[in-house]
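Written out below as structure tokens is the structure these notes cover.
Numbering (the working numbering), first residue to last: 34 to 288.
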């Protein structure tokens, strides 16, 4: 079942690449950055998310002038989240070394947002990250049944990350103790009412000064699912604005 789910993710990603070749009716966008003048952007995958599934959003970032990298979670994110965060810390250092950048920006999907935020809060990552953008991350957990049904895992038994993402888990109690938005990092969360995994959808926000964006508050007719957050044009316009510290101005017609 997990392999079938992974194949579906890849298929959707390929379809999005084809669709993105079309012409969109777009609102004025922030000026494209000069690659040498901005932070590299690391796109962090989610649970069962293979790297190729995130190529569409990485391609959009590159087209806008960013140096974009994709980080696939170790073991597809099935294991312990703090362990994945320590591996991510090593990857951040590798990107900084290869680019010469002192800081990076992070765009993280689903579980990747928890991995990244643990890195920021518990592993000193606030010194190396300028902006944090999460897409459909269960910051305060989700119901076990949603993870099981969405990924076809059958049960959380033995799947550590699934257990850690459930509402009330010891992992989330630790991560969410105290300030949600540590350091000088600019935090943005993006969520959608049609998210199949994060329930309740309000659990995808963080407190203490973050910019929390519900797509349908700006675009009521926009239908975006959990996987769609990394493929949807409207969601990307919010990401792009966050990366230049701009106001929240989603383009509801973006492809």
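Beta carbons are placed, not taken as given, at the ideal position from N, Cα and C, and that holds for glycine.
In this structure, residue 78 and residue 103 form a Cβ contact; the two beta carbons are roughly 7 Å apart against a cut-off of 8 Å. Minimum Cα-Cα distance from residue 110 among the listed residues 95, 145, 200 and 236 corresponds to 145. DSSP lists 141 and 222 as the bridge partner or partners of residue 167.
Each residue's CA atom was taken as its position, placing residue 149 and residue 137 some 12 Å apart. When the five nearest sequence neighbours on each side are left out, the beta carbons in the same chain lying within less than 6 Å of the beta carbon of residue 177 are those of 189 and 199, in order along the chain.
For the options 249, 256, 259 and 264, the alpha carbon positioned closest to that of residue 282 is the one of 249. One alpha carbon belongs to residue 81, the other to residue 175, and they sit about 16 Å apart. Under DSSP, residue 102 takes part in a beta bridge, and its partners are 75.
Following the DSSP letters along the chain, one finds residue 85 in no beta strand (DSSP E), marked with neither H nor E. In summary, residue 141 is buried, with 16 or more beta-carbon neighbours lying within 10 Å of its beta-carbon over all protein chains present. Between residue 181 and residue 221, the gap from beta carbon to beta carbon reaches 8 Å or more. DSSP, read as helix, strand or coil, puts residue 231 in coil.
With respect to residue 125, residue 158 sits close: the two C-beta atoms are nearer than 8 Å.
Excluding residues up to 5 positions away in sequence, 152 and 156 lie with their Cβ nearer than 6 Å to the Cβ of residue 122 in the same chain.
Between residue 120 and residue 107 the beta-carbon gap is near 5 Å, inside 8 Å, which marks them as a contact.
About 5 Å separates the beta carbon of residue 267 from that of residue 287, a gap short enough to meet the 8 Å contact definition. In this structure, the CA atom of residue 284 is about 14 Å from the CA atom of residue 223.
For the set 72, 197, 83 and 167, the Cα lying nearest the Cα of residue 214 is the one of 167. Counting only residues of its own chain and dropping the five nearest sequence neighbours on each side, residue 275 has a CB closer than 6 Å to the CB of 166 and 221.
Using a Cβ distance threshold of 8 Å, residue 169 and residue 231 count as a contacting pair. In terms of CA proximity to residue 162, 139 leads the group 235, 270 and 139.
Taken through DSSP and simplified to helix, strand or coil, residue 147 comes out as helix. Close CB contacts of residue 183 within its chain, under the 6 Å cut and outside five residues either way in sequence, are with 229 and 230 (chain order). In the three-state DSSP reduction, residue 247 falls in the strand class (E or B). Annotation for residue 126: the continuous alpha helix (DSSP H) segment containing it runs 114-132.
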